[in-house]
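Structure, as C-alpha cells:
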Amino acid sequence: MRRMFDVRGLVKSYGPVRAVDGVSFAVARGELFGLLGPNGAGKTTIMSMLSGLLPPDEGRILFDGIDLASKPLAVKAALGIVPQDPALYETLTARENLNFWGGLYGLSGSALRSSVDRVLELIGLADRARDPVKTYSGGMKRRLNLALGLVHAPRAVLMDEPTVGIDPQGRLNVLDAVRRVAASGTTVIYTTHYLDEAETLCDRIAIMDHGKILAEGTLEELKRRVGGRDVITVRGAPDLSPLLPRIDAMPGVTVASAEAGKLVVAVDGSGRGAVELLSAVLSSGLAIDGISIQPPSLSTLFLNLTGRELRD
Amino acid sequence: MRRLLRLAVNDVRLTARDRAAALWLLVMPVFLIWLFGSAFGGPRGDRRVALTILDRDGGWLAAALASELDPSAVKLDVRRGPDASPRPPPGAVRWIEIPAGFTEGALAGTQQTLAVEAAKDASAEGTRGAEVVLARAILRTLARAAEMKQSGATLSAAAYERLRARPALVSLEVATAGKGATVPSGVAQSLPGTLTFTVLMMTTIYGAVFLTIEKREGMLRRQLTLPLSRGAIVGGKILGRAFIALLQIALLIAVGKLAFKLDFGASPLGLATLLGAYTFAVAGFATLAGAVLANPEQASIVGWLASMVMAALGGCWWPSEVMPGWLRSASHVFPTSWAMDGLHSLISFGRGFEAVVLPSAVLVGFGALFSLAAAARLRA
Amino acid sequence: MRLLLHLVAKDLRRKARAPFAFVAALSFPILFAGMIALAFGGGGKLPKVRLLVANLDEGVVGSAVVSAFGSPRTAGMFETTRVTEAEGRERMERGRASAFLTIPKGFTRDLLDGRPVTLRLVRNPSEGILPEIAAQTAGGLADLLEGARRVLSAPLLRLRPYLEDGIDSAPADADVVAIALEATHAIGGASSLIFPPVITLRSELFGGTEPAAEDKGGTGSQIFLLVLPGVAVYALFLVAENAMRDVLTERTLGTLRRQLAGPLTPGTYIVAKALYTCVLATAAIAVVSLVGWTVLTRPVSLPGFVLVSMALVLAVAGTAAAIYGLAGSERAGATLAGAIFLAMGFLGGGFFRIESLPPGIRSVAPFTPLYWGTQGYRALLEHGATLSGVARYAGVLIAMGVALLGVGMAALHRSARAGTAA
C-alpha cells in the first residue's frame with residue numbers, strides 16, 4: 002500500500018491535558034479515511050498537526066514520504082484544508098475568494114481560472130459565483146468552504162467536520178461533493194461525530210476518544226469487532242448492582258458499563274443471552290424503567306469500547 | 438418598568454465588566470481636563486504671558502520702562518549686564534531687547550524702536566498679548582518722562598519714581614458679571630467644556646458600539662422577541678447609558694471640587710437638572726447611532742467624528758465668542774451648545790435654577806427626538 | 005514577492021468593499037480643519053467685541069472716551085451700544101455682551117480738577133478673549149487720559165469751563181490765544197519725547213509693520229492649511245490602526261489559520277499586512293493632500309513632501325504594528341490605540357498647534373511620531389522648507405518607524421502563530 006499519510010506516536014498536551022495521546026495511523030493514497038469520535042476526542046488537534054499548524058510534542062508525520070517537520074511548506078502546498086468553521090472573506094465574492102486561495106497555492110492565469118470554474122461546478126455555486134459571500138446561506142458557505150480546500154487540486158484534503166450546523170439538504174450536497182472528490186483519487190481525511198457520515202462515506206474509520214484511537218478498520222472489520230453483539234441497556238433503580246453477579250455468570254454476556262440507574266450489557270447475537278438477561282432482570286425484583294436493544298453498529302462498538310454513547 | 442430597569446442594569450453591568458471602560462470613562466476625561474486646563478493657564482490659572490527683558494542699556498529709562506510692564510499680565514524676567522548678551526536668550530519664550538544707548542538716545546530725541554521677538558514655538562496669542570502690555574508701558578513711560586521734561590525737573594530715576602508713586606488719576610476698575618468672581622482660567626475654564634465633550638464622546642462611542650455588538654451577536658434579536666415594545670427596549674438602553682454618563686459626571690465634578698477646588702455655582706438643583714437633561718440627550722443620541730449603524734467599527738468612528746464636531750462647534754474646545762455670529766447661532770442645533778450655555782449661566786454667572794430651565798427643556802427635547810428616532814429605526 | 009503582492013491585493017480588495025472606516029478616518033481631518041477655518045477664518049479677525057457703554061458724564065471727556073471706541077482704528081474691533089446703567093447691568097447678567105463700560109458722572113469735571121476718576125468695566129465671565137480686548141483698550145485709554153491730564157494740566161484748566169456741557173458761549177479770542185500759548189509751552193517742553201513718540205513698538209498689531217504678503221489676511225483657506233497637517237497626521241494613525249487590526253480580525257475570522265495552513269509562513273503574512281498598511285496610509289496621504297493642494301497659495305517642495313510622507317507612512321505602520329502586536333486581542337488593541345492616539349493628538353500638536361500648549365506639555369511632544377510628522381508638514385507648508393529642511397523630521401520618523409515595526413512585527417508574528425492553535 003502506498004501511504005499518503007504515515008502518522009506515528011503523535012502526542013499533544015495542553016498543560017496537564019493530553020489531547021492526543023500516542024496516536025498512530027496510516028492512510029493509503031486515494032483513501033477516504035474517517036476519524037470518528039465525540040467532541041473533545043482530539044480530532045481537530047490531530048488535523049491541526051497534520052496541516053502543520055500545530056507542532057506535535059512527540060511523534061512524526063510523513064506525507065507521501067516527506068517529513069512534515071522538516072519540509073512543512075512542501076507538504077502544505079500539496080494539502081487542502083476544509084476547516085470546521087468556514088473561514089471566508091464575506092465581502093468578497095465566491096470567485097474572488099477562490100481566486101485568492103488558488104493564487105496563494107501558486108495558481109495563476111488560465112490555470113487558476115479553470116480550477117476555479119471546476120470547483121464552482123463541483124459545489125454547485127457557479128451561478129452565484131459573483132455574489133458576495135455575505136449573501137449566502139449557511140449551506141452555501143459550507144460548500145464554498147469545501148471548494149477553497151480543493152481549488153488547487155491538492156493530493157490530499159483534510160476535512161474537519163465540514164457539515165456541522167447546516168440543513169439536511171445542504172449536508173447531502175456537501176457529502177455528495179466529498180464523494181466526488183474521493184472518487185477522483187484525492188486522499189481525504191475526514192473527521193466527524195456523525196455515525197452515518199462515517200459509515201456511508203469512509204473507506205476506513207478510526208474511532209477516537211480521549212486522545213486515543215480505540216479501534217481502526219473498515220466498517221465491516223469494526224462491526225466484526227463488535228462481534229455481531231447486541232447491546233442491551235437497562236434503566237431503573239439507582240442501584241442495579243444486585244444484577245451483576247448473575248450477569249457475570251451468564252455465558253456470552255458482558256457488562257459494558259454499570260452506573261447509577263443504568264446498566265449496558267453486550268450480548269452474543271444468538272438470542273439466548275438476551276433471553277437469560279431479560280429473565281434475570283425481570284425476576285430481580287428491582288424497579289425497572291426501561292430496556293432497549295441495539296443491533297451491532299459503530300454506535301454499539303463505541304458504546305462497547307467506552308461505555309458511553311457517541312453523543313454523550 | 439421593571440423589565441426596562443433590567444435592561445438598563447444589564448447594560449451597566451456589561452460596561453462595568455469591560456476593562457477598557459475604566460480608562461475611557463474615568464481616566465481619559467480627567468487627563469483631558471488637566472490637559473485643557475494646563476493649556477488655559479495651569480491648575481491655578483496663571484494666564485500671564487512670559488516675557489524676558491534684555492536690558493543692554495542699563496539706563497534709568499530702560500529700567501523705568503521695565504517697571505511699567507503690568508505684572509498682572511506678564512511674567513517678567515529682566516536680564517542685565519552679561520546675562521543680557523546671548524541672543525536668543527536661553528530659556529526665553531519671547532523677549533524685548535533694549536539696546537545700549539536707549540536711555541541717552543531717547544532723552545536726546547533719537548527714535549528708539551522696540552519689538553517683541555519670540556521663539557519659533559511661542560504662541561502667537563501670547564506674543565500679541567505681550568505687545569499690548571508693552572504698548573501701554575511705553576505710553577505710561579513717555580507720559581511720565583514728558584511730564585518731567587515739561588516741568589523742567591532733572592530727568593532721573595528718582596524723579597521718575599516719585600511720579601510713579603503718585604496715586605493714579607485715571608484708573609480702570611475691572612469686575613466680572615454674575616457673582617463677580619475672577620475670570621475663570623486654567624481648569625476652571627476648561628472643565629465645563631471638557632466635561633461636556635468627554636461625556637458626549639464616551640457615551641456615544643460606548644453606547645453605539647455596545648448596541649451594534651448586540652445586533653451582530655444576536656442579543657438584540659432575542660430582546661426584540663420579548664413581550665416589550667421597541668420603545669421600552671430603547672428606553673432601557675437609554676436609561677443604562679444615562680446612568681453611566683451620570684456616574685462619569687459625578688466623578689468629574691468630584692475631581693473638580695476636591696482636586697481643583699472649583700466652584701460649580703450656587704444652584705446644585707440647577708446643575709443636576711441641566712446635566713440630567715444633557716445625559717438624556719446624549720444617551721438618546723448614542724442609542725440612535727447604535728440603531729442606525731451597521732457594526733461596531735462604524736459605531737466607533739461615527740461616535741468619534743460626531744463627538745468632535747459637536748464639541749468643537751458647541752464651544753467645548755474654544756470659547757464660542759471667537760466664532761462668527763452665524764456659526765454661534767447655527768451651533769445650537771447641537772445639544773453641546775445648550776449644555777455649555779447652561780453651564781456658563783450657572784458657573785460663570787452664578788445664576789440660579791431659572792437660568793437653566795430653557796437649556797434643560799431643549800436638551801430634554803433633543804433626548805425625546807433621538808429616542809423616538811431610535812425606536813423607529815431599531816432592527817435586529 | 006508575488007505572494008506578498010497577492011496578499012496585499014486581497015486586503016485592498018476587501019477594503020474597497022468595506023471602505024467606511026477608511027473614508028470616515030479621512031473625512032475627519034478635512035471636516036475638522038474645515039470647521040476651524042469656518043470658526044476662525046473671517047479674514048483672521050476675531051468677531052467684534054460687543055461693548056455696552058453707559059456714559060453718565062456730562063462733559064467732553066466722557067464723549068471722547070465713547071468716540072474712541074468708534075475711531076477708525078478701533079471701529080473694526082468694537083460694536084458699541086449706548087445704554088443706561090441699569091440696562092447695561094441687566095444685559096451683562098444675561099451674557100448679552102462681552103463687556104460693559106461705565107463712565108461715571110462728573111468724569112470730565114473731576115479729571116480736569118485733578119481728582120482721581122475711575123472707569124468701570126464689567127466683563128462677561130463666559131468669554132475670555134473679547135472682554136480682554138475691551139479691558140486692554142479701556143486701560144490704554146485710561147493711561148492716555150492720565151498722561152494727557154498730567155502733561156497738559158495748565159491749558160486744560162483754562163479750557164475747563166468750555167469742556168463741560170451746559171456752557172453755551174465759546175471762549176473769547178484772547179482766551180484762545182492764551183490757551184494755545186500755554187498748550188504750546190506745555191507740549192513744547194516735551195515735544196521731543198512725544199511728537200512723535202520717541203519710543204515706538206514695531207508690531208503688526210499697531211501698524212508698525214506690514215504682514216508678509218503671503219501671510220496677509222488669515223483667510224479661511226490659510227487657516228485650513230494651518231490646521232490640516234496636525235489632524236491629517238492624526239487621521240493617518242487611524243487608517244494604519246484599522247489596517248493593522250486586520251491581523252487580529254483574521255485570527256477571529258479563521259482566515260489567518262487557513263492562510264497559515266497553506267504554503268505561507270507567518271513572517272510573510274505579517275510583512276504583507278505591514279505592506280498593506282503602508283499602501284493604505286499612502287493612499288490616505290494622497291487623498292488629503294489633494295484636498296489641501298486645492299487651497300495651496302504657495303509652492304511646496306515635492307521631494308520634501310514625498311520624503312516626509314514616506315517616513316510618516318513607516319512610522320504610522322510601525323506604531324499600529326506595535327500596538328496590535330502587544331495587545332492580546334482586537335478589543336484590547338483598539339482600546340490601547342484609541343487612548344494612545346488621542347493623547348498623541350493633544351500632546352503632539354495634532355489638534356492644537358504646539359505653540360499654544362504650555363512648555364511642560366510641549367516637552368513631551370517630541371517623543372511622539374505625530375509631532376514629527378506634523379512639524380515636517382508645517383515646515384513645508386508654512387516655512388517653505390525644501391528637502392534638506394525636512395530631512396531631520398524624516399530621519400526621526402524613519403528611526404521611530406523602523407524600531408516600532410521591528411517590535412510590532414515580532415510580536416504580531418508570535419500572535420499569528422498562537423492564533424493557529426486549535
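Protein chains in written order, with my numbering: chain A, 2 to 313; chain B, 438 to 817; chain C, 5 to 426. Quick reminder that beta carbons are idealized off the backbone N, C-alpha and C, glycines included.
Residue state for A:Y195 is assigned as coil, using DSSP reduced to three classes.
The beta-bridge partner set that DSSP reports for B:A499 is empty. When the beta-carbon positions are compared, C:V64 and C:T112 come within less than 9 Å of each other. Between the beta-carbon of B:L506 and that of B:V553 there is about 11 Å, and that puts the pair past the 8 Å contact cut. Within the same chain, Cβ atoms closer than 6 Å to the Cβ of B:A792 are found at S782, the five residues on either side in sequence being excluded. Within the segment 516 to 577 of chain B, the runs of alpha helix (DSSP H) at least 4 residues long that lie entirely inside it are, in chain order, 539 to 544. The CB of A:S52 comes closer than 7 Å to the CB of A265 in chain C, given here in chain order.
Counting only the Cα atoms, A:P239 lies some 35 Å from A:E217. DSSP links B:T631 through a beta bridge to no other residue. By the criterion of a C-beta distance shorter than 8 Å, B:G518 is surrounded in its chain by G495, once the five residues flanking it on both sides are discounted.
Not a single C-beta of chain A is nearer than 9 Å to the C-beta of C:A25. Counting only residues of its own chain and dropping the five nearest sequence neighbours on each side, B:L712 has a CB closer than 7 Å to the CB of I686. Residues G224, S225, I227, F228 and V231 of the same chain have their beta carbon placed closer than 8 Å to that of C:A41, with the five preceding and five following residues left out of the count. In the DSSP secondary-structure assignment, C:D117 is not bridged to any residue. In this chain, C:M5 is not harboured by any alpha helix (DSSP H), its DSSP state being neither H nor E. With 16 or more neighbouring CB atoms inside 10 Å of its own CB, C:E254 falls in the buried class. Listed along the chain, the chain A residues whose CB falls inside 9 Å of the CB of C:L257 are D86, A88, L89, Y90 and E91.
If you draw a straight line from the Cα of A:R61 to the Cα of A:L196, it comes to about 29 Å. Close to A:G104, with beta-carbon spacing below 7 Å, are these residues of chain C in chain order: H10. Against chain C, a Cβ distance below 7 Å from A:F101 picks out K14. The residue from C:V295, C:S333 and C:L197 with its alpha-carbon nearest to that of B:L498 is C:L197. With its beta carbon less than 9 Å from one in chain B, C:T204 belongs to the interface. As summarised for the segment 45 to 132 of chain C, the continuous alpha helix (DSSP H) elements at least 4 residues long and confined to that stretch are 64 to 72, 89 to 97 and 111 to 116, given in chain order. Beta-bridge partners assigned by DSSP to A:R4: A:A29. The way I'd put it, the segment 44 to 61 of chain A doesn't touch the segment 96 to 114 of chain A; fewer than three beta-carbon pairs between them come closer than 8 Å. By the neighbour-count criterion, in which a residue is buried when 16 or more other Cβ atoms sit within 10 angstroms of its Cβ, C:F199 is exposed. Leaving aside the five residues that flank C:G118 on each side, the residues in its chain whose CB is nearer than 8 Å to its CB run, in chain order, R153 and S157.
As the crow flies, the alpha-carbon of C:M248 is around 55 Å from that of A:A257.
With its beta carbon at least 9 Å from every one in chain C, B:L444 lies outside the interface. If the five residues before and after C:A315 are omitted, its C-beta is found closer than 6 Å to the C-beta atoms of A398, L401 and I402, all from its own chain and listed in chain order.
Listed along chain A, the residues sitting closer than 8 Å to C:R21 by beta-carbon distance are T92, L93 and P133. For C:D250, the number of other beta carbons within 10 angstroms of its own is at least 16, and it is reported as buried.
Between C:F24 and B:I642, the C-beta spacing is not below 9 Å. Within chain C, no C-beta atom comes nearer than 9 Å to that of A:I190; the closest sits roughly 13 Å away. The alpha-carbon of B:L637 is positioned some 6 Å away from that of B:V719. What A:A78 touches in chain C, judged by beta-carbon distance under 9 Å, is G266 and P267, going in chain order.
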